Structures are given as C-alpha cells and as structure tokens.
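Below is one structure, written out as structure tokens; the observations come after it.
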DNA sequence: GGGAACTGTTGCGCGAAACGCATGGATAGA
DNA sequence: TCTATCCATGCGTTTCGCGCAACAGTTCCC
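Residue numbers (the numbering used here), protein chains in the order written: chain A, 1022 to 1334; chain B, 1022 to 1334.
Right under this line is the structure:
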C-alpha cells in the first residue's frame, strides 16, 4: 500500500491540532475516518507517528519529522495546482511570439510592457527573424503566433490584419529631393539606391515598387540591418526607401523622410494564427492586450495606421 | 473532486510515453484505467492536456506545463518518503544528546566523528550543561538521552553504566606532594584547595571525599570552568582534585597529576535513557556507535575505564 | 478498396476503499 | 464515584478504481 495525499492531509491536520476530534471538525470528516487514516499511514510507514493514550495525543520524534515532510509534500501539491490554475488563466507561463525585428523593436514594446505590468508572472519570448522564418515558426509550433508581413497565403495559418505602414523615401539632409513634399519611386530610382539584404520583406517590396514604376532595382549597396542602411544614407552614399514602422530604428539627424508616391506602397502586417492549434491561455491574453492598443487607437509613428478590426482570413 | 497522486502518476506516465498503451504496460495497469484517470484529471483541471485522435497522442501547451508540475509534485512525494525512510533507518535527522562539558569535549568527539563519517546526513546536537540540567533535559524530552553522572535516582530514566574515572590530585609542577606516587585526600586537604563552582558534580564529589577523610572542604578559590581551576593551580595558588576525564581540558605543562587514595574516589558516568519514550532511530544508532567504542576497548585517558556492559538500572 | 492491426473511449460488473454511525474502553476532572 | 471526553473499532453503505469486452476511428498493406 502506498502513501496517499488523503492520509498525509489527515495526518497533518491531526498532528497540528494534536487532536483527532478537533482535526475532524476542521476537515469536515468524521473522527473515525481520521483515526483510520492515521493508523493506515503508520502501518504503511512502519513507524509510530503519534503517541496516544485514550486521553491525549503527542507527536513522537518520527511524527515531528513526518509532519515536516507531509507539509512539504502537501505544499508542493497545492503550489503546483495553483501554478497550473494561473497558467490556465493566462497569468503564468510564456508567450512565444515570432515577429520581424522592426515590429519587435517598435510596435511591441509598449504592448509587452503593459502586458507584463498586468501579469508579472508571464514571460514573453520574442523570436525575431525574417519573414520566411517567422511563418515557419508558427507552422512548426515554435511560436504561439506571429506578427509579420506575409508574402503569400500559407496553409495552416489564419491572418488578421493589424497595422499597415507606408514606404517613405529616406534622404540625406541636404539632398535636392529633400525639398519636395513628396517623392516618386521614379525620381528615387534615379539616385544611387541603398537596399536592405535580399531575404527581407522590405527588399521584396522595394524591388516590386521599382518594377511597377518601370525601373530596375539596382542597389548601390546592401546591408541586412536597416540601421546600417540609415547610416549609409546619412553618410551621403545614396538614398533609400523604408517602411514607416522601421524609422525609429534609424539613428535620427542628418537624414530626412518624404512620403513616397506613384505608387503609394503600403506594407500590411498581420497577426498570424495557427488554424489548427488552440492558442495557449497566455497567448490569448497577449492578443487581447494587443487588441486593446488597437481599440484605444494608440499613437503610432507617422505613416503607420491600425487596420480596422474585421474578419480573419 | 480533487487531484490525486494516482491521477498525476497516470498522467505523467502517459505524457512521457506519449501513448496510453505503452504507459499502461509500464505501470502494470490496464489501458482503460489510464484513459479514465487522465480524463478525470482533465475534467477536474478544466483543461485539455493531451490532444488525441484515435491514432496519436500529443501534448497541448497546457499539457506540457502540467507534466512539469506533475513531475514536481511526484518528486516531492517520492523525496519526502525517502527522507522519512532514511530518518527511520537512523541515517537522517538529529540526535540531541545532553551531557557534561567534560564528556562532550573528551569522551564524545571520536564517537561523533565516527558516527558522522558513517551517516553524513545526521546532525548531533550537544546540550552541554551541569549535572542537574542534564537530567532535566532528558526528562523534559529536550534531549533523546544523556551521558552524565547522576546524583540520585531520578524517576522516568534508566541508567546504563558507561565509564568510570578516578579523582587525581592536581598539583603545581614543583610542589612537595608531586614527589609522591600517590596522594591522600587528607594530605591534599591540608593545602590551599581550588574548587570548581558549587553546582557541578565534581564539586559535590570532592566535598563528599573530604568529609569522608574527616576534613572540611574549605576552598581557597572557586571557578566554574575546570580549565580556569587548572590555570590557578599552575600559577601556584594551590592544589585541586579533578576526575581523570577532564584532564585533557586542562592546559598541559607546569602542573602534574597524582592518583588520589584514602579513599580512591571514582566518578561513574551513565548513559541516561528515558524509560517511557522509545528512542528515535538516529539516537539508537548513535548509542550503537558508542557501544562499539566500548566493545573495541577504545583507548581512554589514564584513569578512565569502560564499565562492563551489563543490566540497565 | 477492403480488411487487418492498433489506437483510445466507453458501458458494465465486481471488489476494494473510504466513510459515517454507533459502540466500547479508558481517563481526567468534578 | 460519576460524567464528559477522547480515540479505537465493528458494521453497513456508498463511492471509487479496476479489468474486461465491445466500439470507433486510423493507418498500413495486400
């Protein structure tokens, strides 16, 4: 026979009260039940825990040790279930969120900050990477969900429009085009162009925009980090085009932004949810927090706007 | 309904094996039993732990968290019972031993050392005090047992003779009596006598010995600590009489010991056991260790001899 | 394409476990 | 001595846990 939680609970109550009758009242069970439970426990352990004549109950040394240990076990049990309860309520655990570096650095920080303030036991894990890997993270289950652009419809994920941002021209401070209120892609394409590395969604979209304006994308230089591109522009090596959301990542001063038109190119960012899996409670709570920012029409950098809440796709 | 260890064990096995059938074989129960146990657990917790179609079993995020927690709880249970088992075997816990300072400092160290080497998880608590308080410690249950002299039979304790030691005269290095092979109490009584404090058992016995030799105890000075008395003798303030066991506590050099005769006074040290209470396992083991030293006739300071093992009184 | 082999679920009946009630023996206090 | 408690125990009932067997959905292979 093995030691059950029931026996330990019974023993702990009796040992603490130093009385079967009192403990029985406390636990809302009959006194005989406790008497048996403790006797069973003693038989199983093969040691006497309580010294009892018909009138008094005393702990044996072994009984004192057993009380200590029973309390430990019961506390572990109680704490474990409480943890699981908080997990279930989305107050504890981890949210794994795949996203683009720009989103992670600009859009999410206030959300994470508000989320953590409300649920201090939650951990937010940001898996930042390029568009391609972000989608894979969701499909593979590494991430609970993602916030990202999406090149093409992927099976197994649902898309919920979140924000869209506009491409701006990024120019050296005293560049001739900086005097315009707006700049066209065609005008921009005549300047030495500084592009972000091949794999990025930004690169994909600038290539497409130049093509649409009837020009060929022919970068003077490339860098994978947008901050690096910003630095190159500021140094006067050329011009670039970046979505509004990433501008906070570019060191300010010595360069200016102008809306790009002909065409206006917008980048759409989605919440990417796995279609099959149900979202863990913590992730659900994080999404609620994100929606709260959208509903409150929280301030976004210039050129970035919240999408209307609507149907998932 | 509450979460039982049985359910947690079942769930942990299934979640680890990712298979009800395999887990059933492992736990030697029927597969249907596990199916129910896990279903019950899920119902109680109000969350789905395993995603299962008829062919495959997968953990949900909540299931992964639950597995972690179930393992914690089960480990706490297992560890607790193991601790209690080791406690029961006397390999873990504490021995509380009341004793005289001289016994604690001279007789016990090798015993404690051997005991701890064999049972590293055991703690030995020495409650050292004067004869009177030592007895009380045992009667009150503060100590598991004691090693001490006993002025008079006390109710509720059993005595087991352990060692006896002889009173020696303690003399300054160049004192006239130091040239004798033996010294009588009467001779000693004619010198300025340096006594230990009133409450001690040593004082009680020297007083009695002088009385028996027809002299009055009339100390030139008193100190409670025998090392202090030794210092006074070495400084030439007078002579003293101390039981052989305490000599290692007296700083060596500048004083000499001579057997005291007429009468030879012996101090008897007993193991003092509570008659009622059963000894905790650790204490029993400590006593065994002590007996081992007696059986091996372990070397003792000159003038101290092991008592024969015999009946308890 | 149809069946064989496995998987987890569920209905059923049995046996054990746990419980409350009532009782008995023992003791402290009036 | 009597009474009020206290814990242990016998007894009957209810609940719980289990295995067996039938069932339903998948996968694999001939």
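Note that CB positions come from ideal geometry on N, CA and C, so glycine has one too.
From a predicted model like this one, the values you see are computed outputs, not experimental measurements.
First and last residue of the beta strand (DSSP E) that includes residue i?
i	result
residue 1189(B)	1178-1193
residue 1143(B)	1143-1149
residue 1271(A)	Element bounds for residue 1271(A): n/a, residue is neither H nor E.
residue 1120(B)	1114-1120
residue 1167(B)	1166-1169
residue 1332(B)	Unbroken run through residue 1332(B): none, as it is neither H nor E.
residue 1340(B)	Outside the displayed span of chain B (1022 to 1334) sits residue 1340(B), for which this structure offers no information.
Tell me the residue span of the alpha helix (DSSP H) that contains residue i.
i	result
residue 1026(A)	1026-1038
residue 1300(A)	Per DSSP, residue 1300(A) belongs to no alpha helix (DSSP H) and is neither H nor E.
residue 1240(B)	Taken as a continuous stretch (DSSP letters only), residue 1240(B) belongs to no alpha helix (DSSP H), being part of the beta strand (DSSP E) at 1240-1244.
residue 1091(A)	1082-1109
residue 1174(B)	That residue, residue 1174(B), is in no alpha helix (DSSP H); it is neither H nor E in DSSP.
residue 1251(B)	1247-1255
residue 1047(A)	1041-1048
Leaving out five residues before and five after residue i in sequence, what residues of the same chain have Cβ atoms less than 7 Å from its Cβ?
i	result
residue 1225(A)	1172
residue 1135(A)	1310
residue 1277(B)	1192, 1194, 1199
residue 1084(A)	1036, 1070, 1071
residue 1154(B)	none
Quick one: grab the DSSP three-state call for residue i.
i	result
residue 1218(B)	coil
residue 1208(A)	helix
residue 1320(A)	coil
residue 1070(B)	coil
residue 1140(B)	coil
residue 1290(B)	strand
residue 1131(B)	helix
residue 1280(B)	strand
residue 1326(B)	strand
residue 1158(B)	helix
residue 1079(A)	strand
residue 1228(B)	helix
residue 1064(B)	helix
residue 1197(A)	helix
residue 1054(A)	helix
residue 1308(A)	helix
residue 1313(B)	helix
residue 1152(A)	helix
residue 1234(A)	coil
residue 1202(B)	coil
residue 1285(B)	coil
Please work out which residues of its chain come closer than 6 Å, Cβ to Cβ, to residue i, disregarding the five sequence neighbours upstream and downstream, and give them in chain order.
i	result
residue 985(B)	The structure shown does not extend to residue 985(B), since chain B is modelled only from 1022 through 1334, so no value can be given for it.
residue 1334(A)	1180
residue 1149(B)	1120, 1122, 1125
residue 1275(B)	1194, 1255
residue 1307(A)	1116, 1136
residue 1294(A)	1166, 1179
Taking 8 Å as the limit between beta carbons, can you name the residues of its chain near residue i, skipping five residues before and five after?
i	result
residue 1235(B)	1207
residue 1049(A)	none
Beta carbon of residue i, beta carbon of residue j: below 8 Å?
i	j	result
residue 1168(B)	residue 1209(B)	no
residue 1314(B)	residue 1039(B)	no
residue 1254(A)	residue 1203(A)	no
residue 1175(A)	residue 1160(A)	yes
residue 1395(B)	residue 1190(B)	This structure gives no information on residue 1395(B), because the portion of chain B shown stretches from 1022 to 1334.
residue 1111(B)	residue 1297(B)	no
residue 1151(A)	residue 1228(A)	no
residue 1024(A)	residue 1102(B)	yes
At least three beta-carbon pairs within less than 8 Å, the region 1206-1222 of chain A to the region 1040-1058 of chain B: no
Sufficient close CB pairs (3 or more, under 8 Å) joining the region 1105-1116 of chain A to the region 1061-1072 of chain A: no
Touch test, the region 1145-1153 of chain A against the region 1075-1094 of chain A, Cβ-Cβ under 8 Å, three pairs minimum: no
Cβ contact check for the region 1275-1291 of chain B and the region 1181-1188 of chain B: 3 or more pairs under 8 Å: yes
At least 3 beta-carbon pairs within less than 8 Å: the region 1240-1248 of chain A vs the region 1298-1305 of chain A: no
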